[in-house]
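Colleague: Provided herewith is a single structure, encoded as structure tokens, for subsequent inquiry.
Protein chains: 2
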Amino acid sequence: MTSEDIAYVAVDWGTSSFRLWLVSKNGDVLHEERTDEGMSVAAEIGFSAVLESHLDRDGLSALTPVIVCGMAGARQGWVEAPYVETPATLSEIAANAVSPKDARREVHLLPGVCQRAEGAYDVMRGEETQLLGLVLSGLEDGIVCLPGTHSKWVRLEEGRIAAFRTFMTGELYALLSGHSVLRYSLALPEDFDQVADEVRSAVAQAIEKPEQATAQLFSLRAEDLLADTSKERLAARLSGHLIGLEIAGAKAFAGNAGLQSVVLAGAGRLATLYGAAFQAAGIEARTVDADDLARRGLHAAAGHLFLKG
Amino acid sequence: MTSEDIAYVAVDWGTSSFRLWLVSKNGDVLHEERTDEGMSVAAEIGFSAVLESHLDRDGLSALTPVIVCGMAGARQGWVEAPYVETPATLSEIAANAVSPKDARREVHLLPGVCQRAEGAYDVMRGEETQLLGLVLSGLEDGIVCLPGTHSKWVRLEEGRIAAFRTFMTGELYALLSGHSVLRYSLALPEDFDQVADEVRSAVAQAIEKPEQATAQLFSLRAEDLLADTSKERLAARLSGHLIGLEIAGAKAFAGNAGLQSVVLAGAGRLATLYGAAFQAAGIEARTVDADDLARRGLHAAAGHLFLKG
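Top to bottom, those sequences are chains P and Y.
Under UniProt numbering, think of the first position of the first sequence as 1, with each following residue one higher.
Under UniProt numbering, think of the first position of the second sequence as 1, with each following residue one higher.
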């Protein structure tokens, strides 16, 4: 790779992670970097400084443009890229990118998407770019699940983000396993297959009786005190309860058409976990790699903003 | 008060609080102390040392016996007082008190109660003593709600603790308001009346759609970003969602007879909050003071163990 091959730099800048790709004109990734210089870190050091430190090392010319998605465009980020409202199209998202004044090169921050429906206020930042990638890969209509700290469920209609709903599944798991009374009773299973049944049965239980959610949580602690269930199985059950509760809510979100199939935008452990959960819920899931989608979305936005045919 | 008037010392020793009462033979409280020397603190200093430091100051003879309920009897406490199983009677609880060997006087630690039913494992420590107090005040059958960090719902049958269920309501509120992304969006209302409607509507919503629980949580954050709803109203709604979810679960717990009325063992802000929630849920609630119940329960147990007619 020479710096001439590089058409632009793509960055997915989250709250706690920074991912950078050097990309050729036709979208090939020539180089990839991942660090923990997320928004929280960059807000102290300076966003431009963090970005340029990477590009300096890569020996990049100041003429190479950068496209960024994620929390760097939040109010507490580099500069605010105000939300585009649902229903949101691909071209609207690219058209509403903003450029920070203190950047030492051409930088475009993509906006997030918001939903203002009464009682269903919601926001996303970063996932809209993955959804762009998905639409460009041919999915124009359907239900998409993007699991994570704040899991998003999205209804795509004619290539637009029609509506979405965020579930605090990942953050609740982190809080409960790290800071609640349950922290003494859980251990991460080394081999997922050994606890997959636990996940599935907890998912089914949560879908059937979502109102028992907060009682099921404490019951894990009690079971640890009273029975000899392993902490790995209890942790699997906690995951299952929270994901099951999410799926129960997503079923209502999917509406009358029901939730027969879903596109799961994930990877690794989380995709495996959600895969088992969808199995238990009788939902057909097709998994697509979330990172790959983000890069495709950034490439599409780059095409809109500065890549010339 | 002279030390001759004092028949015994009653202690409610929780995880983070220590409450002590000097009590006359007929159950009158002659003196009360409250500190934060809960189990976590006492485990470091020593339980006997904490207790004796109070009794020394009070000038109490080494002949005065002490009765203790709460987490001091847990495995990580002073000495373990193993759980009594449901259905549990008053006399069983008193009969299963244990005495720590390193105590410098007669000390009785009351056991907690556990439930081993498959899929509904549960434990309590401290609440059983409040329930004793309630039974002695004449309630032998009914549903009791003891709100708190780990809210307990109990079915009393013929004066026994027949079954119970714990909801993590208070702990979830603390985690979400203190450590989650919601922490930026909430503020404690100074005047409860101003937000009572928010609590009631969130309770009704959670009872109607418990499966939306974790989505409703994130929606509070989004509403803070997108609308000009006050942080006090959002905090009230968070309380309402969590308590509503608890009530939805408690309705199933109450069984076929339904949940028309409940005894609410609480005090202060929490009792007001739950009172509003029960109103929204169409449940008739009678409030009794929880501290008062604990003291009555301890007095009853003292009667069983050492108070002579």
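The beta carbon of each residue, even a glycine, is placed where N, CA and C say it ideally should be.
1. Hey, quick one: how far does the alpha helix (DSSP H) through Ala285 of chain P stretch, first residue to last?
2. On the three-state DSSP scale, how would you describe Gly46 of chain P?
3. Measure from the alpha carbon of Ala94 of chain Y to the alpha carbon of each residue in Y:Thr35, Y:Thr129, Y:Glu118, Y:Leu245, then state which is nearest.
4. Would you call the CB atoms of Val50 of chain Y and Glu37 of chain Y closer than 8 Å?
5. Under a CB-based cut-off of 8 Å, is His241 of chain P close to chain Y?
6. Confirm the yes/no value for this check: CB of Gly73 of chain Y, any heavy atom of the ligand GTP, distance under 7 Å.
7. Quick one, which residues of the region 63 to 86 of chain P are near chain Y if we go by CB-CB under 7 Å, in chain order?
8. Return the chain-ordered list of same chain residues with a C-beta closer than 6 Å to the C-beta of Ala81 of chain P, the five sequence neighbours on each side being excluded.
9. Evaluate contact between the region 136 to 143 of chain P and the region 61 to 71 of chain P, counting only Cβ atoms and requiring at least three cross-stretch pairs below 8 Å.
10. Report all residues from its chain with a CB closer than 8 Å to the CB of Ala271 of chain Y; omit the five preceding and five following residues, and keep chain order.
11. Taking only beta-carbon positions, decide if Cys114 of chain P is within less than 8 Å of chain Y.
12. State whether the region 189 to 205 of chain P contacts the region 228 to 244 of chain P, with contact taken as three or more CB pairs (one from each stretch) at a distance under 8 Å.
13. Quick check on the DSSP output: the alpha helix (DSSP H) that includes Val203 of chain P runs from which residue to which?
14. Which ranges would you report for the alpha helix (DSSP H) in the region 109 to 184 of chain P if only whole runs of at least 4 residues count?
15. Counting only beta-carbon atoms, is Asp292 of chain Y nearer than 8 Å to chain P?
16. Which residues, in order along the region 119 to 147 of chain Y, keep a beta-carbon less than 8 Å from a beta-carbon of chain P?
17. Quick check on Arg34 of chain P: does DSSP put it in helix, strand or coil?
18. Pick out whichever of P:Gln115, P:Ile283, P:Gly303, P:Lys251 has its Cα sitting closest to the Cα of Pro210 of chain Y.
19. Any idea what DSSP makes of Ile67 of chain Y, helix, strand or coil?
20. Looking at chain P, which residues of the region 159 to 187 of chain Y have a Cβ within less than 8 Å of any of its Cβ atoms?
21. Given that a residue counts as buried once 16 or more other Cβ atoms are within 10 Å of its Cβ, and exposed if not, what is Val29 of chain Y?
22. When you compare only the Cα positions, how much space is there between Ala7 of chain Y and Leu175 of chain Y?
23. So, at 8 Å on beta carbons, what are the nonlocal neighbours of Leu188 of chain P in its own chain, with the 5 sequence-adjacent residues on each side left out?
24. Might you give, ordered along the chain, the residues of its own chain that have their beta carbon closer than 7 Å to the beta carbon of Thr15 of chain Y, omitting 5 neighbours on each side?
25. Just how far apart, CA to CA, sit Gly27 of chain P and Trp153 of chain P?
26. Alpha carbon to alpha carbon, what distance is there between Val123 of chain P and Gly46 of chain Y?
27. Along the chain, where does the beta strand (DSSP E) that runs through Asp12 of chain P open and close?
28. Report yes or no: do the region 208 to 224 of chain Y and the region 164 to 182 of chain Y share at least 3 C-beta pairs separated by less than 8 Å?
29. Start and end of the alpha helix (DSSP H) containing Arg269 of chain P?
30. Would you please state the rounded distance, in angstroms, between the beta carbons of residue 340 of chain P and Val262 of chain P? I believe it to be under 8 Å.
31. Compute the Euclidean distance between the alpha carbons of His241 of chain Y and Ala162 of chain Y, then round it to the nearest angstrom.
32. Using a cut-off of 9 Å between C-beta atoms, extract the partners of Lys231 of chain Y located in chain P.
33. Looking at the C-beta of residue 318 of chain P, does it have a partner C-beta in chain Y at a distance below 8 Å?
34. Mind checking whether Ala88 of chain P and Arg155 of chain P have CB atoms under 8 Å apart?
35. Have a look at the DSSP bridge pairing and note the partners of Leu264 of chain P.
Modeller: Quick look at the numbers:
1. As a working note, residue 285 of chain P is residue 285 in the first sequence. Segment 284 to 289 is the beta strand (DSSP E) holding Ala285 of chain P; no alpha helix (DSSP H) there.
2. Taking the first sequence and counting its residues from 1, the one referred to as residue 46 of chain P is at position 46. Looking at Gly46 of chain P - three-state DSSP - the assignment turns out to be coil, as it is neither helix nor strand.
3. Position 94 of the second sequence holds residue 94 of chain Y. Taking only the C-alpha atoms, the option nearest Ala94 of chain Y is Y:Thr129.
4. The sequence position of residue 50 of chain Y within the second sequence is 50, counting from 1. The sequence position of residue 37 of chain Y within the second sequence is 37, counting from 1. Yes.
5. Mapped onto the first sequence, residue 241 of chain P falls at position 241. Closer than 8 Å: no.
6. Because no ligand of any kind appears in the structure shown, any question about the ligand GTP cannot be addressed here.
7. none
8. As a first step, residue 81 of chain P is located in the first sequence; it is residue number 81 there, counting from the start. Answer for Ala81 of chain P: Gly73, Val98, Leu109, Pro111, listed in chain order.
9. no
10. Numbered from its first residue, the second sequence carries residue 271 of chain Y at position 271. Taken in chain order, the residues that qualify are Pro147, Leu264, Thr287.
11. Here residue 114 of chain P is taken as the residue at index 114 of the first sequence, counted from 1. True, the Cβ-Cβ gap to chain Y drops below 8 Å.
12. yes
13. Here the question's residue 203 of chain P lines up with position 203 in the first sequence. Its alpha helix (DSSP H) spans residues 196 to 208.
14. 127 to 136, 169 to 179
15. In the second sequence, residue 292 of chain Y corresponds to position 292, counting from 1. For Asp292 of chain Y, the answer is no, since every Cβ of chain P falls outside 8 Å of its Cβ.
16. Gly119, Ala120, Tyr121, Asp122, Val123
17. Along the first sequence, one-based indexing puts residue 34 of chain P at 34. Three-state DSSP puts Arg34 of chain P in a strand.
18. The residue given as residue 210 of chain Y occupies position 210 in the second sequence. The shortest C-alpha separation from Pro210 of chain Y is found at P:Lys251.
19. The residue you call residue 67 of chain Y lines up with position 67 of the second sequence. It is a strand residue.
20. Arg165, Thr166, Phe167, Met168, Thr169, Glu171, Leu172, Leu175, Leu176, His179, Ser180, Val181
21. By one-based count along the second sequence, residue 29 of chain Y stands at place 29. Exposed is the call here.
22. Your numbering for residue 7 of chain Y matches position 7 in the second sequence. Your numbering for residue 175 of chain Y matches position 175 in the second sequence. The alpha-carbon atoms of Ala7 of chain Y and Leu175 of chain Y are separated by roughly 42 Å.
23. Locating residue 188 of chain P in the first sequence gives position 188, where the first residue counts as 1. Around Leu188 of chain P: Glu232, Ala235.
24. Taking the first residue of the second sequence as 1, we reach residue 15 of chain Y at position 15. Hits under 7 Å: Gly38, Met39, Ser40, Met71.
25. In the first sequence, counting from the first residue as 1, residue 27 of chain P sits at position 27. In the first sequence, counting from the first residue as 1, residue 153 of chain P sits at position 153. Looking at the two C-alpha atoms, the distance is approximately 27 Å.
26. Along the second sequence, one-based indexing puts residue 46 of chain Y at 46. Along the first sequence, one-based indexing puts residue 123 of chain P at 123. Their Cα atoms are separated by approximately 50 Å.
27. For the purposes of this step, residue 12 of chain P is taken as residue 12 along the first sequence, with counting starting at 1. Counting along the chain, the beta strand (DSSP E) containing Asp12 of chain P begins and ends at 6 to 13.
28. yes
29. Looking up residue 269 of chain P in the first sequence gives position 269. Segment 268 to 281, the alpha helix (DSSP H) holding Arg269 of chain P.
30. Residue 340 of chain P cannot be examined here, being either before or after the span of chain P that is shown, 1 to 309.
31. Translated into positions along the second sequence, residue 241 of chain Y becomes position 241. Translated into positions along the second sequence, residue 162 of chain Y becomes position 162. If you take the alpha carbons of His241 of chain Y and Ala162 of chain Y, they lie about 28 Å apart.
32. Along the second sequence, one-based indexing puts residue 231 of chain Y at 231. Going along chain P, no residue has its Cβ under 9 Å from Lys231 of chain Y, so there is no contact; the nearest lies around 14 Å.
33. Residue 318 of chain P is absent from the model: chain P starts at 1 and stops at 309.
34. Translated into the one-based positions of the first sequence, residue 88 of chain P becomes position 88. Translated into the one-based positions of the first sequence, residue 155 of chain P becomes position 155. The answer is no: Cβ separation not under 8 Å.
35. In the first sequence, counting from the first residue as 1, residue 264 of chain P sits at position 264. Looking at the DSSP assignment, Leu264 of chain P forms a beta bridge with P:Cys145, P:Thr287.
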